[in-house]
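In our numbering, each residue carries its 1-based index in the sequence shown increased by 16.
In this text, a Cβ means the ideal position worked out from N, Cα and C, and glycines have one as well.
From a predicted model like this one, the values you see are computed outputs, not experimental measurements.
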Amino acid sequence: MLALNKPCGIVTQDTEGHAESLEQMAKRYIKEAAGKPGNVYLHAIHRLDTPTSGIVLFAKTSKALSRLQEA
């Protein structure tokens, strides 16, 4: 699990017509910081509206996403 502080004005997940999302920024950071080849799995467990700031939780595996969505 990964917790990120989302500033207001940034979308949580990819949306057409918007600039880079928090999810895209986090994936890029993980890929570059860890030197990870290939795709990075990261999926928001919940979302915050664009004008809202706060903590967003991301699952780093599909299994974690499934378990956290049930909780």
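With DSSP collapsed to three states, give me the class of lysine 76. Assigned with DSSP and collapsed to three states, lysine 76 falls in coil, not helix or strand.
Reduced DSSP category for alanine 50 - H, G, I as helix; E, B as strand; rest coil: DSSP places alanine 50 in helix when its eight states are reduced to three.
For my contact list, leucine 84 and leucine 58 are in at a C-beta cut-off of 8 Å; report their separation, rounded to the angstrom. The Cβ separation is near 13 Å, so there is no contact.
According to the neighbour-count rule (16 or more other Cβ atoms, all chains shown, within 10 Å of its Cβ), is phenylalanine 79 buried or exposed? Position check: residue 79 holds lysine in this sequence, whereas phenylalanine was assumed. Classification of lysine 79: exposed, given that the 10 Å Cβ count is below 16.
As assigned by DSSP and simplified to three states, the class of alanine 35: Coil at alanine 35, not helix or strand.
Can you look up leucine 20 in the DSSP assignment and give me helix, strand or coil? Of the three classes helix, strand and coil, the one that applies to leucine 20 here is strand, per DSSP.
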